[in-house]
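Taken in order, the sequence shown gives residues 2 to 284; the numbers are from the working numbering.
Cβ atoms here follow ideal geometry from the backbone N, Cα and C, with glycine treated the same way.
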Amino acid sequence: MDPNRHVFPKCSLEPLFRALSLTQPNMKLNDIDLVTDRRNLRLLLGFVSGKKGPFRIDVEVINSTVLFSCWTPRAINYVKGFHGYGHEFEKVSTRQPKAVRDSLTHNRIIRYMFGDVKIIMRYEVDGCTGSDRDIHMAMPTSEVRKTPTGYTVIKRGKLVAPSRVIEIKTGAIWKNLDISKNTEQLWFSQTPLLCAGHYDEAGNFTSITKKNFLKLGKLQRWENNHQEQLNKLATLLRVIVELAKATASKKFALVSSEGTLKLFGLVNQNDKGLPLDLHSMWE
Numbered sequence: 002m003d004p005n006r007h008v009f010p011k012c013s014l015e016p017l018f019r020a021l022s023l024t025q026p027n028m029k030l031n032d033i034d035l036v037t038d039r040r041n042l043r044l045l046l047g048f049v050s051g052k053k054g055p056f057r058i059d060v061e062v063i064n065s066t067v068l069f070s071c072w073t074p075r076a077i078n079y080v081k082g083f084h085g086y087g088h089e090f091e092k093v094s095t096r097q098p099k100a101v102r103d104s105l106t107h108n109r110i111i112r113y114m115f116g117d118v119k120i121i122m123r124y125e126v127d128g129c130t131g132s133d134r135d136i137h138m139a140m141p142t143s144e145v146r147k148t149p150t151g152y153t154v155i156k157r158g159k160l161v162a163p164s165r166v167i168e169i170k171t172g173a174i175w176k177n178l179d180i181s182k183n184t185e186q187l188w189f190s191q192t193p194l195l196c197a198g199h200y201d202e203a204g205n206f207t208s209i210t211k212k213n214f215l216k217l218g219k220l221q222r223w224e225n226n227h228q229e230q231l232n233k234l235a236t237l238l239r240v241i242v243e244l245a246k247a248t249a250s251k252k253f254a255l256v257s258s259e260g261t262l263k264l265f266g267l268v269n270q271n272d273k274g275l276p277l278d279l280h281s282m283w284e
């Protein structure tokens, strides 16, 4: 399931902008080139690396900023067959503070330069390092807002330091989880910690490891080994941003099919999109 698309069907990026407007009320987005989820950057990296799998990214232009939204045929997919123990392992190996116990997902937002493209990126977080004191600590609500789109936004708690953020992976005891695909995921969000759980043939977890990929230099080595692909991605992002901004249409579908990437203007330009009240973040 894509929680953001499921709960916010008209604009899956809405919670990102609501969070920014609450935590950074004076922030203006005029100098930001691209706002996206991590998944979209990984799809485009795969494309410039020669992968030919089909995908679609929805594109919207607000002033001088291009928004990438994740697109899937359905917001909810039903799993068939065995797909590992990842979600159940997360449930038993992490503990949620009482105030967020019913949440569907936890996302973070970071900002950085990718080549010459100024990016704000959202990514999902599996958990963070902490203590029992953190779990039971009160999280008083400091602000509650009702949005024009009908959602309630609650400001609560304190920001967790980036050095405490973790990614959780699971696999069979014979499977190496310290692989390029996982490092790529951590690199885009600069997530420092990988916690890996290994299970035997009976599904019993026999070992759990925690590695700091940042301190071990694994993120930097991955970056050094993928300079060609990353440079291609930076160039592609700049081309897409400039092409979208120069076109009369403001909403598009970026589609990869059989190794070709095409940008299509959407017929219904008034369908979905960023809520109008959030456009003030560019004023």
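Asked, Found
"When the distance is taken between beta carbons, is C196 closer than 9 Å to I169?", "yes"
"In this structure, what does DSSP give as the bridge partners for F115?", "V118"
"Measuring CA to CA, which of V62, P10, V49 is closest to A247?", "V62"
"To the nearest angstrom, report how far apart M282 and I209 are at their CA atoms.", "44 Å"
"Using CA atoms only, rank isn't needed, just tell me which of F214, T207, N205 is closest to I167.", "F214"
"So is D113 buried or exposed if we call it buried at 16+ other beta carbons inside 10 Å?", "Rather than Asp, the amino acid found at residue 113 in this sequence is Tyr. It is exposed - the Cβ of Y113 has fewer than 16 other Cβ atoms within 10 Å."
"Quick one: Cα of R40 to Cα of S132, how far?", "30 Å"
"Using the Cα positions of L21 and L277, report the straight-line distance between them to the nearest angstrom.", "15 Å"
"Determine the contact status of L35 and V242, defining contact as a CB-CB distance below 9 Å.", "yes"
"Note the first and the last residue of the continuous beta strand (DSSP E) segment covering K212.", "206 to 213"
"Measure the CB-CB distance between L296 and L178 and report whether it falls below 9 Å.", "For the chain, the structure presents residues 2 to 284; residue 296 sits outside this window and is missing."
"For F253, does the count of other Cβ atoms within 10 angstroms reach 16, so buried, or fall short, so exposed?", "buried"
"When DSSP labels each residue in this structure, what does T184 get in the three-state scheme?", "helix"
"Quick one: what's got a C-beta closer than 7 Å to P55's C-beta in the same chain, skipping five residues either side?", "S257, S258"
"Once the 5 residues before and after V1 are set aside, which same chain residues still bring their CB inside 6 Å of it?", "Here the chain covers residues 2 to 284 and nothing more, so residue 1 does not appear."
"Check N5 in the structure and name its three-state DSSP category.", "helix"
"Check this for me: beta carbons of T106 and P26, under 9 Å apart or not?", "no"
"Could you check the C-alpha separation between E144 and V154 for me, to the nearest Å?", "8 Å"
"Alpha carbon to alpha carbon, how far is R157 from K29?", "23 Å"
"Taking Cβ to Cβ, would you say V126 is nearer than 9 Å to R109?", "yes"
"Compare the Cα-Cα distances from H227 to each of D38, S50, L44, F9 and report the closest residue.", "S50"
"For the candidate residues F189, D32, L231, D201, whose alpha-carbon lies nearest to that of Y124?", "F189"
"For H199, is the classification buried or exposed, using 16 other Cβ atoms within 10 angstroms of its Cβ as the cut-off for buried?", "buried"
"In angstroms with no decimal places, state the Cα-to-Cα distance between N205 and L238.", "43 Å"
"What's the C-alpha gap between T192 and W72?", "24 Å"
"Take R165 and list the residues in its own chain whose beta-carbon comes closer than 6 Å to its own, dropping the five residues that flank it on each side.", "C129, T130"
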